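J.:
Residue numbers (the numbering used here): 33 to 391.
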């Protein structure tokens, strides 16, 4: 029996303020998931998560405000829930359009990274890298091509991609996305930790410990990256497969980075509109032949959420406006449930927020 893929909208809400970023998780040792919304006024509003009671139709909720966090910064562009201080379930990292990074611990500002704000350049990308020794690093990319890596209280390294642009393609390089992931190559039996950084000149950089190991000319700007297993191989043992990185591009194509190589002729799919968000959803249908192939959730300059499997669109959910932020519930959970793995939040330009689930 063929499993029909669908997207179920669980609830929707219309907020009263503009926002650019959302995150969901057990913030500051909260026993329940909360929703953090980063506003353009520099304030983070934390809401209780609505109860999902198995309604057949989406429910229009009013979120109940739990607390507000004054980041005392500019317009918030990125929110990240992660155990940075290694003392609670999730701390909150806030990044703004002025280049500031603010770390909240137990509801209070633990650190405001002055190093990241020194150049007065907005934060365009934010991620966390955790190595095999459980060392946690925060990494941000900026408008002027700078990548800064730091832990709770000290800067570890600083890299400016303009220094590696020998052709001087443009006068200014901006970081468009950062992905910290462990990559398995077909030529190596072990996975290796990399930081992948895409820039506004259509290049992709593989970085280790602040050093650029390889630069790839993609041919278009990569707005979003996501690691997973998106195309099946003939080999039955999935552990031996090289890691696949999906690249969401400004020209509407989703490309695949495999073994640190990109073949534009062998693309994953063509959405036809600029892509701004990608999320992996694990395939939990054990009965299917492609059970080891992940779903790919795709959003961009179109009013819908699309789900792909093996490069083919399998489901779509309409949205009232273009999405500005997408957050998978598994991103902020150390031990995500099977429901967390399938659910994601989408925030739109009309101030609406939607929780959905891939079935």
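C-beta: ideal position from N, C-alpha, C; glycine also. Treat the numbers as computed from the prediction; the structure is a model and nothing was measured.
Could you pull the DSSP bridge partners for residue 190 from this structure?
T.: The partner list for residue 190 (beta bridge, DSSP) reads 180.
J.: Taking the CB atoms as reference points, tell me whether residue 209 and residue 261 lie closer together than 8 angstroms.
T.: In this structure, residue 261 does not lie closer than 8 angstroms to residue 209 by Cβ.
J.: Tell me the rounded alpha-carbon separation between residue 384 and residue 56.
T.: Computed Cα separation, rounded: 16 angstroms.
J.: In terms of residue numbering, what span does the alpha helix (DSSP H) encompassing residue 340 cover?
T.: Careful: residue 340 lies outside any alpha helix (DSSP H), inside the beta strand (DSSP E) at 334-341.
J.: Count the other CB atoms within 10 Å of the CB of residue 330; is the residue buried (16 or more) or exposed (fewer)?
T.: Buried.
J.: Looking at residue 371: is its Cβ nearer than 8 angstroms to the Cβ of residue 311?
T.: Result no, Cβ atoms of residue 371 and residue 311 do not sit closer than 8 angstroms.
J.: Of all the alpha helix (DSSP H) runs that stay within the bounds of the stretch 351-384, which reach a length of 4 or more residues?
T.: You should have 370-374.
J.: According to DSSP, is residue 163 helix, strand or coil?
T.: If DSSP states are grouped into helix, strand and coil, residue 163 belongs with coil.
J.: Which of helix, strand or coil does DSSP assign to residue 46?
T.: Note: residue 46 maps to strand in three-state DSSP.
J.: Locate the beta strand (DSSP E) running through residue 225, then write down its first and last residues.
T.: Taken as a continuous stretch (DSSP letters only), the beta strand (DSSP E) holding residue 225 covers 223-231.
J.: Tell me, please, which residues DSSP counts as bridged to residue 300.
T.: DSSP output for residue 300 lists no bridge partner at all.
J.: For the pair the stretch 330-345 and the stretch 359-366, tell me if three or more CB-CB distances fall below 8 angstroms.
T.: Counting Cβ pairs under 8 angstroms, fewer than three are found: no touch.
J.: Could you tell me which residues DSSP pairs with residue 243 in its beta bridges?
T.: Per DSSP, 240.
J.: Should residue 280 be labelled buried (16 or more other beta-carbon atoms within 10 Å of its own) or exposed?
T.: Classification for residue 280: buried.
J.: Can you tell me where the beta strand (DSSP E) with residue 36 in it begins and where it stops?
T.: Counting along the chain, residue 36 falls outside any beta strand (DSSP E), and DSSP gives it neither H nor E.
J.: Quick check on this structure: which residue in 180, 229, 286 has the alpha carbon closest to the alpha carbon of residue 342?
T.: Closest by alpha carbon: 286.
J.: Span of the beta strand (DSSP E) holding residue 126?
T.: It spans 123-128 - the beta strand (DSSP E) in which residue 126 sits, taken as one unbroken run.
J.: Assuming residue 302 and residue 313 make a contact with CB atoms under 8 angstroms, what is their CB distance in whole Å?
T.: Wrong, their Cβ atoms sit about 20 angstroms apart, outside the cutoff.
J.: Please say whether residue 387 and residue 43 have beta carbons closer to each other than 8 angstroms?
T.: A contact, by the Cβ cut-off of 8 angstroms.
J.: Please determine, among 207, 276, 193, 274, the residue with the shortest C-alpha to C-alpha distance to residue 245.
T.: When each option's Cα is compared against that of residue 245, the closest is 193.
J.: Considering only DSSP beta bridges, list what residue 330 is partnered with.
T.: DSSP lists 310, 338 as partners of residue 330.
J.: Around the Cβ of residue 374, are there at least 16 other Cβ atoms within 10 angstroms (buried) or fewer (exposed)?
T.: Result: buried.
J.: Distance check for residue 113 and residue 70, CA to CA, integer angstroms please.
T.: Rounded to the nearest angstrom, the two C-alpha atoms are 12 angstroms apart.
J.: Start and end of the beta strand (DSSP E) containing residue 81?
T.: No beta strand (DSSP E) holds residue 81; DSSP gives it neither H nor E.
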